[in-house]
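Asker: At position 412 of the sequence shown (counting the first as 1) the number is 1081 in the working numbering, and the numbers step up by one without a gap. Virtual Cβ for every residue (Gly too), placed ideally from N, Cα, C. Structure incoming, see below.
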Amino acid sequence: LPLAVSRMVSESIALEQYRDVRTVYRLAIKIFLTCGLVGTLIMWIGADAYANFVGIPESRQCIVVMAPTVLFCCLVSAHRGLYEGTRNMIPTAVSQIIESLGKLVLGIGFGYAAMWWGQHQFAQGGTVFGQTVSTAQEATAISQGYVAAGAMLGVTIGSALAWLYTMWYHHRVGEGITREQRLNSPPSRSNKAVFRAIMAIAIPITLGSLATQLTSILDMLSLQRCLKLVMDGDGAQTVREMYQSQLAAAGVTGSDKILSWLTGNRGTALTYVNIVPNITLTLGISALPVVTSAWTLKDHKQLKSTVESALRITMLVALPCGILLSVLAEPLMYLIYGQADISEIVGMLLHTLGIATIFMCLVAPINSILQAVGRADIPVKIIIVGGVVKLILNIVLIMQPAININGSSYSTLICYIVMVVLSLRAVRRVIGIHLQWSSVVIKPLLASLLCGAAGWGTNWIFEMLLPRRIASIPACVVAGVVYLIALIMLKAFTREDILMLPKGKKIAEVLEKHGKIG
């Protein structure tokens, strides 16, 4: 939805229809408020049914507590869409930082508070959250659902704080349109006309987002159900033998506990996988108003330059991060957790998911480009195709006891490869752009392979010289230096890329002086 608002605002500014900007914003607030309330009610009403269906009834508290996040995310998205359309990314950046800090600080704080309260109740009389228990371990087990709910409360409050910031920013700055611009612009279209225009853009984009979320839900449901069938059948012994040492170290026994342990570690792996796509997602968001303006004004040169720049910068970020995450998966997890059982199982998943990260990073910017030129229907179709591929592969692979949870990693990689290939073909067909593969892919790939090799080799050496837990730190530093040098030697940067950086003009002048700009 915010992408639809951003596109409408950007198009209005390109056509100098400044009064439409306020009309778009006011209607967007009403639409987003309705969507947020409906989404929150659905989560509240469906919490029990969903928790029971996936076989994790204690997750009900998390769903109930997190439900208002839908409302706050919708409201804050209306403001983000407005300012992104005016090419002002400050409200988006600041609100995301506030939201993340709220999740981190308040989430951990409430989680610890719930755990402390559970132990305090047990010490006082053996009753924990209304249930009678006889051991501290039972008290901890009962508290876990409330601990998770406390963490989710931090998510909800973080989202609320982000919304309050965007409200304050809008009160102070307005829509970012000057009084002179508004007075000299033609009369705004009627609310009905603007509403229809928003819906014409928003519905395909929303369907694409909905398809993505439904695909994620089906992915999780199929994963949990397939693993449960494996653990309830003849494959349980194979799984136990496969993870024997890790299960013993984690103190996990029983099929249900193993199921939760496997899905929990996959969730941990996805946490790190999603970091990089969340960074490159902003590249698509920031490129959307520029692409919309160039498409509206039929400026093919600007259109080609913006598309190539967005994809090149995405690759410059995604390739080294994905490759390093793959080759240094276990060392990085051991650095963070200091436990061999966690680093081994999460690292195993990240070996594949790290490469998948590269393709995941490309999907959002390409979708934004297609949405910016009015073809939001194409990402919907591609997402559905990718979801079907992932669902089929999940069922086929996860049901193999020897593959089990790894099947979800393989299906994720193949799914996103299919989506990227189809998306790039669509960009070429719709926009008529022939990408310069040398600057967009080949040079960043060569530099990233050198980066990955340097990181792996350095880590191998430092593991013999330093404590294992910190060996990956100098490895990442060396890998980063090698990557930067390789990019400069390969002339992977263009002047436009450098100018986007702080002090970019001075950096570009130095590189041009030495002939290091492509």
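1. Counting Cβ pairs, one atom from each stretch, are 3 or more of them under 8 Å apart for the stretch 995 to 1011 and the stretch 838 to 848?
2. What's the gap between the Cα of G877 and the Cα of A1045?
3. Can you give me the Cβ contacts of A1140 inside the same chain, cut-off strictly under 7 Å, excluding the 5 residues immediately before and after it?
4. Residue ranges of each alpha helix (DSSP H) run of no fewer than 4 residues wholly in the stretch 791 to 846, ordered along the chain?
5. DSSP three-state call for Y752: helix, strand or coil?
6. Could you tell me how far apart the beta carbons of V960 and T975 are, in whole angstroms, since I believe they sit closer than 8 Å?
7. Which stretch, first to last residue, makes up the alpha helix (DSSP H) that contains K967?
8. At 3 residues or longer, and completely inside the stretch 1112 to 1181: list those beta strand (DSSP E) runs for me, N to C.
9. Are the CB atoms of L1114 and Y1152 within a distance shorter than 8 Å?
10. Could you pull the start and end residues of the alpha helix (DSSP H) that A925 belongs to?
11. What does the alpha-carbon distance come out to for the pair R909 and L898?
12. Can you check the stretch 987 to 1075 for any alpha helix (DSSP H) of at least 4 residues that lies completely inside it and give the ranges in chain order?
13. Can you tell which of Q788, L931, A1122 has the C-alpha that lies nearest to the C-alpha of T804?
14. DSSP on I725, reduced to helix/strand/coil?
15. Hey, quick one: how far does the alpha helix (DSSP H) through I870 stretch, first residue to last?
16. Just checking my contact of S1108 with R981 at CB under 8 Å: how many whole Å lie between their CB atoms?
17. Taking one C-beta from the stretch 763 to 783 and one from the stretch 684 to 704 each time, how about it: are there three or more such pairs within less than 8 Å?
18. Cβ atoms of A1155 and T965: under 8 Å apart, would you say?
19. For V1150, does the count of other Cβ atoms within 10 angstroms reach 16, so buried, or fall short, so exposed?
20. May I ask which residues mark the beginning and end of the alpha helix (DSSP H) holding V763?
21. Check the C-beta distance from L1039 over to I1074 and give it rounded, since I have them as a contact under 8 Å.
22. Inspect the CB distances between the stretch 860 to 878 and the stretch 766 to 786 and report whether three or more fall short of 8 Å.
23. Residues in its own chain within less than 7 Å of S962 by CB, not counting five upstream and five downstream?
24. Under the assumption that Y912 contacts I1014 (Cβ atoms under 8 Å), give the Cβ distance between them as a whole number of angstroms.
25. Tell whether a beta-carbon distance below 8 Å holds between W837 and V745.
26. Find out if the Cβ-Cβ distance for the pair I874, A1033 is shorter than 8 Å.
27. Ignore the nearest five residues each way along the sequence and tell me which others in T801's own chain have a CB closer than 8 Å to its CB.
28. Between which residues of its own chain and T884 is the CB-CB distance below 6 Å, once the five residues before and five after are set aside?
29. Could you check what DSSP says for G705 in three-state terms: helix, strand or coil?
30. So which of G1126, R935, P855, K1112 has the shortest CA-CA distance to K661?
31. Which residues in the same chain have their Cβ closer than 7 Å to the Cβ of I1064, if we skip the five residues on either side of it in sequence?
32. Just reading off the alpha helix (DSSP H) that I682 is part of, what are its end residues?
33. Applying the 10 Å Cβ sphere with the 16-neighbour rule, what's the burial state of M712?
34. For the putative contact between A979 and A956, defined by C-beta atoms under 8 Å, what is the C-beta separation to the nearest angstrom?
35. Among S675, R1098, P1070, P1048, which has the Cα closest to the Cα of D1088?
Answerer: Quick answer:
1. The stretch 838 to 848 and the stretch 995 to 1011 do not touch, with fewer than three beta-carbon pairs separated by less than 8 Å.
2. Taking the first residue of the sequence shown as position 1, residue 877 is located at position 208. Taking the first residue of the sequence shown as position 1, residue 1045 is located at position 376. Taking the straight line from one Cα to the other gives about 8 Å.
3. Sequence index remark: in the sequence shown, residue 1140 carries index 471 (1-based). Cβ neighbours of A1140 beyond the five flanking positions: P1000, N1128, F1131, E1132.
4. You should have 805 to 842.
5. In the sequence shown, residue 752 corresponds to position 83, counting from 1. Looking at Y752 - three-state DSSP - the assignment turns out to be helix.
6. In the sequence shown, residue 960 corresponds to position 291, counting from 1. In the sequence shown, residue 975 corresponds to position 306, counting from 1. About 5 Å; that satisfies the 8 Å criterion.
7. By 1-based counting over the sequence shown, the position of residue 967 is 298. For K967, no alpha helix (DSSP H) encloses it, and the DSSP letter there is neither H nor E.
8. You should have found no qualifying run.
9. Counting from 1 along the sequence shown, the entry for residue 1152 is found at position 483. Counting from 1 along the sequence shown, the entry for residue 1114 is found at position 445. In this structure, Y1152 lies away from L1114, with their beta-carbon atoms at least 8 Å apart.
10. As a working note, residue 925 is residue 256 in the sequence shown. It is worth fixing the name first, because residue 925 is Asp in this sequence and not Ala. Per DSSP, D925 belongs to the alpha helix (DSSP H) from 924 to 942.
11. Taking the sequence shown and counting its residues from 1, one reaches residue 909 at position 240. Taking the sequence shown and counting its residues from 1, one reaches residue 898 at position 229. Roughly 14 Å separates the two Cα atoms.
12. Unbroken alpha helix (DSSP H) runs of no fewer than 4 residues, entirely contained in the stretch 987 to 1075, are found at 998 to 1006, 1009 to 1041, 1046 to 1067, following chain order.
13. As a position in the sequence shown, residue 804 is number 135, starting the count at 1. When each option's Cα is compared against that of T804, the closest is Q788.
14. Taking the first residue of the sequence shown as 1, we reach residue 725 at position 56. DSSP places I725 in coil when its eight states are reduced to three.
15. In the sequence shown, the residue the question calls residue 870 occupies position 201. The continuous alpha helix (DSSP H) containing I870 extends over residues 860 to 901.
16. Indexing the sequence shown from 1 puts residue 1108 at position 439. Indexing the sequence shown from 1 puts residue 981 at position 312. That pair is a contact at about 6 Å.
17. Contact between the stretch 763 to 783 and the stretch 684 to 704 is absent, because fewer than three Cβ pairs lie under 8 Å.
18. Reading the sequence shown from its first residue, position 296 is the one you call residue 965. Reading the sequence shown from its first residue, position 486 is the one you call residue 1155. Not a contact, by the Cβ cut-off of 8 Å.
19. For the purposes of this step, residue 1150 is identified with residue 481 of the sequence shown, where counting begins at 1. If you draw a 10 Å sphere on the C-beta of V1150, you find fewer than 16 other C-beta atoms in it, and that means exposed.
20. Your numbering for residue 763 matches position 94 in the sequence shown. Counting along the chain, the unbroken alpha helix (DSSP H) around V763 starts and ends at 759 to 770.
21. Looking up residue 1039 in the sequence shown gives position 370. Looking up residue 1074 in the sequence shown gives position 405. Contact doesn't hold; Cβ gap of about 33 Å is too wide.
22. Taking 8 Å as the limit for Cβ pairs, the verdict is that the stretch 766 to 786 does not touch the stretch 860 to 878.
23. For this step, residue 962 is matched to residue 293 along the sequence shown. Here the set comprises S679, A683.
24. If you number the sequence shown from 1, residue 912 lands on position 243. If you number the sequence shown from 1, residue 1014 lands on position 345. About 7 Å separates the two Cβ atoms, so the contact holds.
25. Within the sequence shown, numbered from 1, the residue matching residue 837 stands at position 168. Within the sequence shown, numbered from 1, the residue matching residue 745 stands at position 76. For W837 and V745, no; Cβs fall outside 8 Å.
26. Taking the sequence shown and counting its residues from 1, the one referred to as residue 874 is at position 205. Taking the sequence shown and counting its residues from 1, the one referred to as residue 1033 is at position 364. Cβ atoms of I874 and A1033: not closer than 8 Å.
27. In the sequence shown, counting from the first residue as 1, residue 801 sits at position 132. Around T801, the same chain offers G795 as residues with beta carbons nearer than 8 Å, after the five sequence neighbours per side are excluded.
28. Looking up residue 884 in the sequence shown gives position 215. Within the same chain, Cβ atoms closer than 6 Å to the Cβ of T884 are found at G1056, the five residues on either side in sequence being excluded.
29. Residue mapping note: residue 705 aligns to position 36 of the sequence shown, counting from 1. Under the three-state reduction of DSSP, G705 is assigned to helix.
30. Absent from the model: residue 661. The displayed extent of the chain is 670 to 1187, so no value can be given.
31. Within the sequence shown, residue 1064 is the residue found at index 395, counting from 1. Taken in chain order, the residues that qualify are S891, C895.
32. In the sequence shown, counting from the first residue as 1, residue 682 sits at position 13. Boundaries of the alpha helix (DSSP H) around I682: 671 to 683.
33. Here the question's residue 712 lines up with position 43 in the sequence shown. Here M712 is buried. Its C-beta has 16 or more other C-beta atoms within 10 Å.
34. By one-based count along the sequence shown, residue 979 stands at place 310. By one-based count along the sequence shown, residue 956 stands at place 287. Between A956 and A979 the Cβ distance is about 4 Å, and since that is below 8 Å, they are a contact.
35. Counted from its first residue, the sequence shown places residue 1088 at position 419. Correcting the residue identity first, residue 1088 is Met in this sequence and not Asp. Answer by Cα proximity: P1048.
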